[in-house]
Structure formats: structure tokens, C-alpha cells
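What follows is one structure encoded as C-alpha cells, with my remarks underneath.
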Amino acid sequence: MAPETSADTLFGGLTSGLQSRGLDRRALAGRREGVDWVELTGAQLLAEVAAVSTRLAELGLRAGDVLCLQLPNGLEAVVYTYAAARIGAVVCPLTTIYRRRELGHVLRRTRCTILVVPSRHRRFDHAGLAATLLGEVSTLQHVICVGETAHAGLLGSAVLREPLSGAPTPVTPTGLDDPAVLAFTSGTTGEPKGVMHSAASMHAAVDGFVGHAGFGEGLRSLVVSPFGHLTGFTWGIVMPLRGGGEVVLQESWDAEEALDLTARYDVSFSMGATPFLTDLLAAAGRPGARLPAVFVCAGAPIPPVLVERAVARHGCRVVAGWGMSEYPIGTSTAVGDDPSLAGTSDGRPAGPAQVRVVDEHGDPVAVGAEGDLQIRGPGLTIGYYERPDLDAAARTVDGFLMTGDRAKVVDARGHIRISGRTKDIIIRGGENIPVVDVENVLLTHPAVREVALVPVPHERLGETACACLVLVPGTAAPTVAELGAFLAGEGVAVQFWPESLRVLDELPRTPSGKIQKFALRRVAPPGVPG
15 MAPETSADTL FGGLTSGLQS RGLDRRALAG RREGVDWVEL TGAQLLAEVA
65 AVSTRLAELG LRAGDVLCLQ LPNGLEAVVY TYAAARIGAV VCPLTTIYRR
115 RELGHVLRRT RCTILVVPSR HRRFDHAGLA ATLLGEVSTL QHVICVGETA
165 HAGLLGSAVL REPLSGAPTP VTPTGLDDPA VLAFTSGTTG EPKGVMHSAA
215 SMHAAVDGFV GHAGFGEGLR SLVVSPFGHL TGFTWGIVMP LRGGGEVVLQ
265 ESWDAEEALD LTARYDVSFS MGATPFLTDL LAAAGRPGAR LPAVFVCAGA
315 PIPPVLVERA VARHGCRVVA GWGMSEYPIG TSTAVGDDPS LAGTSDGRPA
365 GPAQVRVVDE HGDPVAVGAE GDLQIRGPGL TIGYYERPDL DAAARTVDGF
415 LMTGDRAKVV DARGHIRISG RTKDIIIRGG ENIPVVDVEN VLLTHPAVRE
465 VALVPVPHER LGETACACLV LVPGTAAPTV AELGAFLAGE GVAVQFWPES
515 LRVLDELPRT PSGKIQKFAL RRVAPPGVPG
């Protein structure tokens, strides 16, 4: 059986990978509709993808349309991703923490016609929210619900995957440089930015990382990072399936279950933010526990003690990496490197990626010096969704993306270490908190005259948000819980809420009126343990 389409397209990467592995071998394991644990062979996966793509086409999904998938790590996340790719639609994975405000914004921005959500996830009624948005977003025509729901007007995903009585809809030819993936990332502009990738840019990042880091093919990947992040989407799903590997999906993070799955499926690879590795090591004290052979940490510098503990106690090789939605992995260490490098650097350019650290004049800095991190290469985003102004502002004349991160050059081989950020974001457990957006909502609180969010160190999550407030005269200071309740009422995701606060007479500012957040960090509460 020959692959249905070029191996260089997103769907072609799946078919060629499954062909190389053998269609009769297990390719995917995870929860179906959040309940039953199911294993699929390559042939079964392709059959479900063909069936779902045919039903999506019947619902009106066309090449170039955006299919929004707000799904946890389950079988449906993989099936709908490749079903969309099979008919040339753009896959838009969304984090499950989005609520009415964030999800509604994305649906309107993309003019989404079909949304796929779980019935419930982590005790939240996603189907209920989607049913509400079905009446509020003018372009939204269909909501597909994964799991049972009592909400009227929603389609059940089980119907879409039923075997076809006839031939599936034909595969839609797509250009390698056409938009294939759209990822929304929170920043400092007050709204999520849509980062676009083509099949060519996605595969360039994947292939470059695999070759540079020395993973080889046939990885057995445990997906712990959420599907709604490009980390989980790219490195947990696209990379191993393209390389003839196997994917094991953990729906919600639980370190004990992750260890069980690692043993059950002989997991060779996993990737996530540093808190995932911290939790795994804490849970691995039980007899017979073992970690994945390789664990890639990206999103924040890795404490050297974690690297040492993973290697010495469990034989787990920790690979450090740095990336962003615009370039999923730009730098990394390699499996064959001295293990200690993962605790002292974020690696060197991966594959064809070109990375430089420059001073305020745009000149490369010397070894040991700090500067602004810039990147270019074939794995770079093809642009921001319908925002050419952001593209122009973010790129240098010679095509480098200005990442907004600060870094130091560690050695002459090109290893770097992320040292800070120029972007006004706070990263909580791998989630970028959209600072300006949350500040703008808090400014509508009747007791708040001025507000600034600043990061507070946290041993496990990396950072949490502290709200520095100036109150409206004559009002009482709200508590942290009251601020959370207010933000909940405004539809803001709970992970974006401040977890501490300080009330001040005034916010420190520059002569031009800009808030001096570095000064606020000094009055914020001290860091807390995990």
C-alpha cells in the first residue's frame, strides 16, 4: 500500500511514518472520549482519519479553513489533527485552559466554522461553553463534542469516526509552504498572536532537532505536555509519528501514572517543561520505577541538580532545549553530550537553525556576554496570522526573528543560556500569562485604580503572578481570592490569575510615565516552594 500523498505534507508525514513502521503495528495509545484506554494500529489510525476527514468535509470544512481543536491529550487530538490535514484544512490546537474570553477571541479571529471540544475536562463543562459560543460567534456552525453531553445542538464525535460505507473523500493536495498549523500564543500586546507554520517549516524544525539531538527513528513517545501547546503537538505527536514511532497519550498530568505508562510501553522519549521532570523524579522513589530513556526539558533553565539526579539514579538522559511557537526548537543539547551541559546551557543551534546573540547595536556579543537572542532558519514561522505588521516589527532586515529573550553565549561552540526576557510575560508552569490582557481586566475592578503584574519565583512552577495595586481612594483592598472570583466572572483562565498581591500608594515610573517593573519585583513577596 503506497502512501496517499507526499511525505513532505503534514498528512503525508503521518502516512509515510506509519508505512515505515508497519501498518499492523501499534501506533497510538490513549483515552478515547476521556474514558476507555484504546490502542490503534497504523491501519486503524488511518481508517479513522479517513472517516473523520470525510465527515468534516460533509460538514463544510474546506482546504484553507481553520479547524479549532480545544482537546486534551486523547486519541481524538491525533485523529482530528490528521483528518484536517488530509483535506487541506489548517489545524489550530488550543489549550484547554481557555475560557469564554480567550476561546471566543480565537474563534472570531479565525472565522472558525467547526470547533471540537471535550464534553468535560478537569471538571469544567467545555460543551456548555461551546454551546454558548455557538450562539455568540457568527461564523461558528458546528461544535463536535468528544464524549457524552446533554447540551442540544452539538455533534457527537463517535458518529464522525464510524466506518464509511463508501470511499472516503479524496486527499486534498496542498503546497508545502501553505499554512498547515496555527498556534495561538499569549504575549504582551493584550491579545493572543496567531503563529502560522507550513508543513515545510514544521518538518524542518522536527527533522533538524531529531538529527541534531541524536534521537534516531522509531521513538516511543509519552506525551505529557498538552496537545494545545506546540510542545505537545510537535514533539509529542508530529515528530514520533513522522519518524515511524509510537505515541502514548497521557490525558492529564499525573507523575505516578506517567511512570506506569513508561514501564508499560517501554517509553524511550518524553518532553515537557521543568515541573514535569521535577514531579517524575519525586515520584520515582518507589521500587522499580524508571524514567523515559530521554527527557527533553524546554521552557525554562533546568536546575543542574535535576539533571544529576535523573542520570545518576535513573539513567535518564536529560536534553535541554529552547524554542518558541515561532521556532519550535531553536537550540538544544544532544543525547551524546556531557550530561552536565543540560544543567548549564540551553544548547546550541539545532540542525539548520541559525542563532545569534547581539548587543544594542545589533553586533554579536562575546562569549560570556549577554544580549538579545535572534533566530532564523527553515523552521521559522511563515508569519503571524493576518498580522503583517507584527511580522515586519519582529524581523531584522536580514531575516532574523527578534525573540524578545535575553541570552548569554556560554562557549565558543555556540551554546547559549537563556538569562531573562525582554517581553512582558510571566511563565507559570510553561503557560505564558498574557500580562497586559489580565491587567486590563483587573483595571475594570471597582477598587483598582492602577495595576501591574510582576513575576514571583516559584520552586516548581517557575513563576507565578503578583498583582501590584493602587486602589481607588476610599475602597477596601481586595483579597487574592476576591480578585480570582472577579477574573472568573470576566471569563479569564484560572492559570492567568495573580496568586499574590501588594497594595502600594503609587507605581514606580520612569520620567516618561512607563511603569518600572524591575522596581516592583523588589516589593513583590519572596519566592515560594512548590
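In the numbering used here, the protein residues as written are 15 to 544. Don't be surprised by glycine CBs; every beta carbon is placed ideally from N, CA and C.
Residue from the options with nearest C-alpha to residue i
i, options, result
"Asp115", "Val506, Asp412, Ala307, Arg175", "The displayed chain sequence assigns Arg, not Asp, to residue 115. Here the closest residue by C-alpha is Val506."
"Glu150", "His119, Gly180, Glu176, Thr163", "His119"
"Gly26", "Val372, Ala406, Ala407, Met253", "Met253"
"Ser215", "Val80, Gly259, Tyr341", "Tyr341"
"Gly296", "Val130, Val281, Ala324", "Reading off the sequence, residue 296 comes out as Ala, not Gly. Ranking Val130, Val281, Ala324 by Cα distance to Ala296 puts Ala324 first."
"Gly337", "Val349, Glu504, Val310", "Val310"
"Arg45", "Asp79, Gly88, Ala71, Ala269", "Gly88"
"Arg100", "Ala538, Gly48, Leu59, Gln509", "Leu59"
"Leu415", "Thr146, Leu305, Gln368", "Gln368"
"Ser30", "Ile316, Tyr398, Gly258, Ala479", "Gly258"
"Ala312", "Leu81, Gly230, Gly443, Pro469", "Gly443"
"Cys480", "Leu501, Leu534, Ile432", "Leu534"
"Ala326", "Val261, Ala272, Ala298", "Ala298"
"Thr245", "Leu275, Leu143, Pro363, Thr109", "Thr109"
"Thr493", "Val508, Ser34, Leu515", "Leu515"
"Val508", "Gly161, Glu496, Asp519", "Glu496"
"Val517", "Pro539, Arg523, Ala502", "Pro539"
"Leu196", "Arg125, His165, Glu271", "Arg125"
"Val424", "Thr489, Thr358, Leu467", "Thr358"
"Val281", "Arg234, Ala272, His140", "Arg234"
"Ala272", "Thr292, Leu121, Arg256", "Thr292"
"Ala97", "Val261, Val80, Phe283", "Val80"
"Gly78", "Phe138, Gln84, Thr188", "Thr188"
"Ala466", "Glu504, Asp419, Asp519", "Asp519"
Residues bridged to residue i [DSSP beta-bridge criterion]
i, result
"Ser235", "Val261, Phe283"
"Val333", "Val310"
"Leu485", "Val462"
"Asn454", "Partner(s): none; Asn454 has no beta bridge."
"Trp51", "Arg45"
"Glu445", "Arg442"
"Ser514", "Cys480"
"Gly345", "The identity of residue 345 in the sequence shown is Thr, whereas the question assumes Gly. DSSP lists Trp336, Pro363 as partners of Thr345."
"Arg7", "Residue 7 lies beyond the residue range present for the chain, which begins at 15 and ends at 544; the question has no answer from this structure."
"Ile529", "Arg523"
"Val80", "Val104"
"Leu467", "Ala481"
Residue i classed as buried or exposed, judged by whether at least 16 other C-beta atoms fall within 10 angstroms
i, result
"Asn446", "buried"
"Phe532", "exposed"
"His429", "buried"
"Ala383", "exposed"
"His375", "exposed"
"Pro525", "Because Pro525 sits at a pLDDT of 48, beneath the cut-off of 50, its placement in the model cannot be relied upon, and the following sentence gives the value as read from the coordinates. That one is exposed."
"Ser346", "buried"
"Arg278", "exposed"
"Pro378", "exposed"
"Asp221", "buried"
"Gly350", "exposed"
"Arg39", "exposed"
"Trp511", "buried"
"Arg536", "exposed"
"Ser152", "exposed"
"Pro301", "exposed"
"Leu24", "buried"
"Val381", "exposed"
"Gly201", "Low confidence applies to Gly201: its pLDDT is 46, below 50, so where it sits in the model is not reliable, and the reading given next is rough at best. Flag for Gly201 reads buried."
"Gly544", "Residue placement at Gly544 is poorly supported in this model, since its pLDDT is 46, which falls under 50; the coordinates are not used for a value here."
"Gln530", "exposed"
"Trp51", "exposed"
"Thr489", "exposed"
"Pro86", "buried"
"Glu265", "buried"
Closer than 7 Å to chain B by CB, residue i
i, result
"Leu291", "In the structure shown, chain B cannot be found, because there is only a single protein chain."
* **Given 8 Å, three or more beta-carbon pairs between the stretch 102-110 and the stretch 191-198** => Touching, yes.
* Asked: Would you call the stretch 329-349 and the stretch 376-393 in contact, with 3 or more CB pairs under 8 Å?
  -> Short answer: they touch.
* Jot down the residue ranges of each uninterrupted beta strand (DSSP E) in the stretch 145-233, minimum 3 residues, whole runs only, in chain order. => The stretch 145-233 contains these whole beta strand (DSSP E) runs: 156-160, 193-199, 207-212.
* Three or more C-beta pairs closer than 8 Å, one from the stretch 480-488 and one from the stretch 457-471: is that the case here? -> Touching, per the Cβ criterion.
* To do: Return the chain-ordered ranges of every beta strand (DSSP E) run that is complete within the stretch 364-433 and spans a minimum of 3 residues.
  => If we require 3 residues or more, the beta strand (DSSP E) runs fully inside the stretch 364-433 come out as 368-372, 384-390, 415-423.
* **Segment contact flag, the stretch 57-76 with the stretch 168-180, C-beta cutoff 8 Å, min 3 pairs** => At 8 Å Cβ cutoff, the stretches touch.
* To do: Evaluate contact between the stretch 281-290 and the stretch 468-478, counting only Cβ atoms and requiring at least three cross-stretch pairs below 8 Å.
  => Under the three-pair Cβ rule at 8 Å, the stretch 281-290 counts as touching the stretch 468-478.
* Asked: Would the stretch 397-410 and the stretch 447-457 be scored as touching if the rule is three or more Cβ pairs under 8 Å?
  -> No contact exists between the stretch 397-410 and the stretch 447-457.
* Asked: How do the stretch 181-188 and the stretch 357-368 stand: do at least 3 beta-carbon pairs fall below 8 Å, yes or no?
  -> Output reads no: the stretch 357-368 does not touch the stretch 181-188.
* To do: Decide if the stretch 205-212 is in contact with the stretch 223-238; the criterion is three or more beta carbon pairs, one per stretch, under 8 Å apart.
  => No, they do not touch.
* Only counting runs of 4 or more residues, tell me where the alpha helix (DSSP H) segments fall wholly within the stretch 88-140, in order along the chain. => Within the stretch 88-140, the complete alpha helix (DSSP H) runs of at least 4 residues are 89-100, 114-124.
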